[in-house]
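One structure below.
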Amino acid sequence: MTIGLEHYLALGALLFCIGFFIALSKKNAVGVLIGVELMLNAVNLTLVAFSRFGSAEVALSTQVFVVFIIAVAAAEVAVGLALALVVYRNRQTISVDRTTLLKG
Amino acid sequence: MTTADDTRSMMDDSRLAMQGTIEALDSGDGSEPVVVNLGPQHPSTHGVFRLKVTLDGEIVRDAEMRIGYLHRSMEKLAEERTYTQNIPFTDRIDYLAAMSNNLAYCLAAEELLGVEVPPRANAIRVMFAELQRVASHAMANGTFINDCGAWHTPLFHMFRDRERVLDMFEMTCGARLTTNYMRIGGVAFDLPDELLPTLEQFLADMPENIANYEALLMENEILHARARGVGVISPEMAINSSLSGPVLRATGVPWDLRKANPYSGYEDYEFDVPVGEQGDCFDRFLVRMAEVKQSLRILRQVIDNLPDGPWLADVPLHARPEPGESYARVESPRGELGFYLVSDGGPAPYRFHCRPPSLINLSALKEMSIGGTLADAIVTLGSIDIVVGEIDR
Amino acid sequence: MSDFGFHLAFWALAAMTLGGASMILISRNLIHAVIWLVMSMLGIAGLYLTLSADFIAVVQVLIYVGAISVLMLFAIMLTPRAERDNSQTKISAPAGLVVLLVMIATMWVAVDTDWGPVRDGALTEQARLIGESLIKHYILPFEIGAVLLTAALVGAIALARQDEEDGPVHAASLQAELDGETSIDPADVIDPPLASEPSDGGTTS
Amino acid sequence: MSGLSGFSSVLGAWYDFRDLNNLQRLITEWIAEWGPDWIASIVTGVLGALAILGVIGPTLLILIWVERKVIARFQQRYGPNRVGPKGLLQPVADAVKLILKEQLAPRSADKLLFFLPPVLIFVPGILIWGVLPFGPRMSVADLNVGVLFLLAVSGTAVLVLFMAGWSSNNKYALFGAMRAVAMSISYEVPMVLALLTLVVFSGTMSVNGIVEWQQQEDVIFILLFPLSAVAFFFAASAELNRTPADISEAESEIVAGYHTEYSGMRFGLFYAVELGNTLVVSGFIATFFLGGWWLWGLDQWVPSWIILLVKTGAVYFLLIWTRGTLPRLRVDQLMGFCWKALVPATLLFVVVAFVERTLLISEGWDTTVALPIMAVFNIALTLGAVMLFARVSRPAALRRPARIRMAGAEIGGLRAARQVASRTEEPQFQVGGD
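Protein chains in written order, with the numbering used here: chain A, 6 to 109; chain B, 41 to 433; chain C, 23 to 227; chain D, 604 to 1037.
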């Protein structure tokens, strides 16, 4: 059996789901961010797999897309962690199920 | 004296310090102060001394001195020994300035006994007190730069000078650190023949060495950044905390016992008292550097006017002074060093008390270090130039 | 690279990636979770290498391992110890169900779809190609990305910045404050005696 | 290739010691005759790693001795001189002692994360050697993204330091770890920008490509971009935790920083990697800014790796020199210096490099004329920038000179102090100030 596109896609799907579950289920805001990062990485893996195995015209654009995703992820983490800090400073907790001010 | 409670809390603290666990004191405003024990085993406490700092990030919010790890009960032990037998204790009080301690104690005992010191002895005493100042300031400035983070280079260079002073001590009295050289009524031995040429050579070499240190350190931007404006204390606060020595003079107060209350013939020598301006760590360093130069100036005058004659007055070994009390103080390298003796007519002092400059100067550390960073507190501690043997006695 | 080496690398890296991700899920300590995340990210960087995407792999290590994980550790260290657990919320059971459904769907898509003719070609000189296409074809997204990063930078600083009164107080400013508010008239402080005065007994000053 | 035309007849033979790559190439070719590809690639990797380990292992032992001897000379003492001839075996004796020592672990340490760092710290420490070119074809992996690889690998080390400091459950270690992390991510920025200058100007991200560019244009980068060189040197010494930036293991403040709790050979491993990193960073500074294995044609006659080693030694000596001379900066001063001085200055030179590159390529300026002009312009700009930043970033406390006055007659308390302070004549002693 040769390792092909499907293997990478399946791996990406699994990783995406683990990240998804972490993002949904973790109490701590940093934990949620970790989950989101995993999801983004899973998508990146899929894109790079397409760049290698997919049709030739997407080979470059997928990699450019990955570069953009990494840049956006970096920005997202910086802002997300700053938000977590502010939430902590104001509410003395970064637990997402105790930050319920918007519930009315 | 420590009470049982103090001792217990000290033991609790030291157990915490040894485990090194991270304990959090949540102050409720989101920040989390951390208590760090600097010492009793720490590279920058210059002995066994503990500084308990409460840190908010790198900022010192509180500092607490814990002393007593080197307590040897000297003041009590001295009550069981004759006046002459007590001289070796004074070596061990401030082991970096044994000569100054010998001198201060002997002055107090002489005042109690009413002994007149021969002029040659006085000149020799001044000579060795000033040599001791050179050696002690070399040590103080070297370790201060070390606390600023230099990799021992200035320290070793300054140790070279100190080494030569200790060599002179050795050729005079056989000991380098704990000299036990002064006696009630004079000094133990006359100067050996080879001392004066050695001292001449030392005086000839020192200006160049000092110029080297100044070239290396005075305009060093990093040293300025680390020491300027750090550990500042105002002259009012310094006087109110009864600081003395270079720490006080760095604030601009020209207070030097050699001028204010001359002893051993200091009034015959010409010298100036260097004072700083801003009272920060750098000024203390500069004052010490300048004082070394003044000490060399005094040494020059001592050699040129060295009188002949006896070097020890006739004092019985087991002298029994009349009941009474005396207090004598000298300007030790660290500040005002005083000895207070009470006699009940017996061969041993009824009360023997030392006013150690290190202890009094250290009391201002909290004032100087709160609000600065941890690194500043270390530099400030280094600039005060404590000797733990003197603090705990 | 031959088949055997490639297989070995793929399975080892896949195990590393998924293992790291799963350990995030079950580890109790948030700092351990970040360390496991790093392991997972390194596995993904290795997978990029098996896909001959060396530029992306190096960027992955640079950004995720060198910067983002460190940033997360920083954020964790800035919150107190009580907040450093990594437990699950109440909704983890229904979330698990949703995730299971998503997993079935995505796996089915990944394995079952006919992805057309599979090419096996790697780009060479990726750094140059990516750089050129960034400033030629994708110049607008590139500029927007730059603006986004700047905005994120400014936003993060603005959010995380403390008010001035909480900020560090330095010895010098503290001293200035003291100097300004001191009520002690320097002239009131007793002058120590001058040389001429007798000084028997007690310390002055 | 062009660097090795001195004796073209022996070029490529295994005994041509000027290019040690020949040996490895011949071995892999021999394997390729009978074995599958993957054995050849694994053998290549193992050979490279062995070559690196075989070179840096003994080199480190000698370097410890050299560093201690040189520092000792700065400090007017002899340094190690007891074990072996001239004390040369002292590092071996130290290593044996460290290995025999008991390995202590705090009871409250996080066990897994405590045991891993001394091993993990080796990974970036070794990997980073992979892209250092010892000669035209003598690097283990001449990646076309070599510069990025260098930055990525060096950036991962900080994570290991954090693990070590955090898992020790010791406050000094935690302080050291947080300082290391904060400083490392700050100083990575000027480091990246300084290298970006070279990448923009030479148009390649391969480390060897940068050396070849310098060879082609007959110029070394320190002349073209002196500020980038200085910034890289300082940032590197900060990343290496060497004085004046050794705050993460500042002995006088936090004992030993992140490795306070490590004893025996675990500490020894940290120490060895730190020294190895110092060596490799010296090598990279020599490569990027001093021309690497190339030296105006001398590399045709002398083995290129010897040229690189000599240059590396010179940079290494400079690092020892700064370490032996300077005090340490405070953590906020280091951060301030990074963000307020180094980052803007290096950024300025990225722009300068971009403009000059455009002049050379798009406008087609003649390099033999343009490069000297640019070098002179850049050196002038560097001096200007340094002077500007020195003026702007100087803290207020340093602007006033520190003065020492001499009190002769006035002795006393505050009244005397005011008398001395109000004296009009020049103070006897005055240092610093603007």
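Every residue gets a Cβ at the ideal spot worked out from N, C-alpha and C, and that includes glycine.
Here DSSP, grouped into helix, strand and coil, assigns A:ALA18 to helix.
In the structure shown, B:TYR380 adopts extended strand secondary structure according to DSSP, grouped into three states.
Taking a beta-carbon distance threshold of 7 Å, A:GLU62 does not count as an interface residue toward chain C.
For the C-beta of C:ASP136, not a single chain D residue is nearer than 9 Å; the gap to the nearest is close to 31 Å. The shortest C-alpha to C-alpha distance from C:VAL87 to any of D:LYS672, D:SER757, D:GLN678 is the one to D:SER757. For C:LYS158, the secondary structure class from DSSP, reduced to helix, strand or coil, is coil.
When the Cα atoms are used, B:SER304 and B:PRO128 turn out to be separated by approximately 20 Å.
Between the segment 190 to 201 of chain B and the segment 938 to 948 of chain D, the count of Cβ pairs shorter than 8 Å is below three; the stretches do not touch.
Those residues of the segment 920 to 941 of chain D placed with their C-beta closer than 7 Å to a C-beta in chain B are ARG926, GLY927, THR928, LEU929, PRO930, ARG931, LEU932, ARG933, VAL934, ASP935, GLN936, ordered along the chain. Secondary structure note for D:THR985: its alpha helix (DSSP H) is the uninterrupted segment 970 to 995. Contact between the segment 160 to 175 of chain B and the segment 903 to 921 of chain D is absent: fewer than three C-beta pairs spanning the two stretches fall below 8 Å. C-alpha of D:LYS700 to C-alpha of B:LEU288: approximately 47 Å in a straight line. Using a CB distance below 9 Å, the part of the segment 85 to 101 of chain C facing chain D consists of ILE85, VAL87, GLY88, ALA89, SER91, VAL92, LEU93, LEU95, PHE96, MET99, ordered along the chain. The beta-carbon of C:ALA182 is placed less than 7 Å from the nearest beta-carbon of chain A. In the DSSP assignment, D:ILE1007 falls within the unbroken beta strand (DSSP E) covering 1005 to 1010. Excluding residues up to 5 positions away in sequence, nothing lies with its Cβ nearer than 6 Å to the Cβ of D:GLY806 in the same chain. Here D:ARG1026 is exposed: its Cβ has fewer than 16 other Cβ atoms, across all protein chains shown, within 10 Å. By the CB criterion at 7 Å, C:ALA132 and A:ALA15 fall inside the cutoff. DSSP places D:THR800 inside the alpha helix (DSSP H), whose first and last residues are 774 to 805. Interface with chain B (7 Å Cβ-Cβ cutoff): D:ARG845 is excluded. Here D:THR971 is exposed. Its C-beta has fewer than 16 other C-beta atoms within 10 Å.
The Cβ-Cβ distance between D:TRP769 and D:ALA780 falls below 7 Å. If you draw a straight line from the Cα of D:VAL858 to the Cα of D:GLU842, it comes to about 19 Å.
Rounded to whole angstroms, the separation of the alpha carbons of D:ALA875 and D:THR881 is 10 Å. Not a single CB atom of chain D sits nearer than 7 Å to the CB of C:VAL176.
Within the same chain, and ignoring the five residues on either side of C:ALA79 in sequence, the residues whose Cβ sits closer than 6 Å to its Cβ are ALA67, TYR70, LEU71.
Residue contact check for D:THR800 against chain C: no CB pair falls below 7 Å. At a Cβ-Cβ threshold of 7 Å, B:GLY316 and B:ALA290 count as neighbours. Note that the segment 846 to 858 of chain D touches the segment 182 to 198 of chain B; at least 3 beta-carbon pairs, one per stretch, sit closer than 8 Å.
The Cβ neighbour count for D:GLY733, taken over all protein chains shown within 10 Å, is at least 16; the residue is labelled buried.
Contact between D:LEU751 and C:VAL81 holds: their C-beta atoms lie close to 7 Å from each other, under 8 Å. In the structure shown, B:LEU95 falls within a strand segment according to DSSP collapsed to helix, strand and coil. Following the DSSP letters along the chain, one finds C:ASN51 in no beta strand (DSSP E), marked with neither H nor E.
Ranked by how close their Cα comes to the Cα of A:LYS31, the residues C:SER62, C:ILE90, C:SER109 have C:SER109 in first place. Under the DSSP assignment, B:TYR367 falls in the beta strand (DSSP E) whose first and last residues are 364 to 372.
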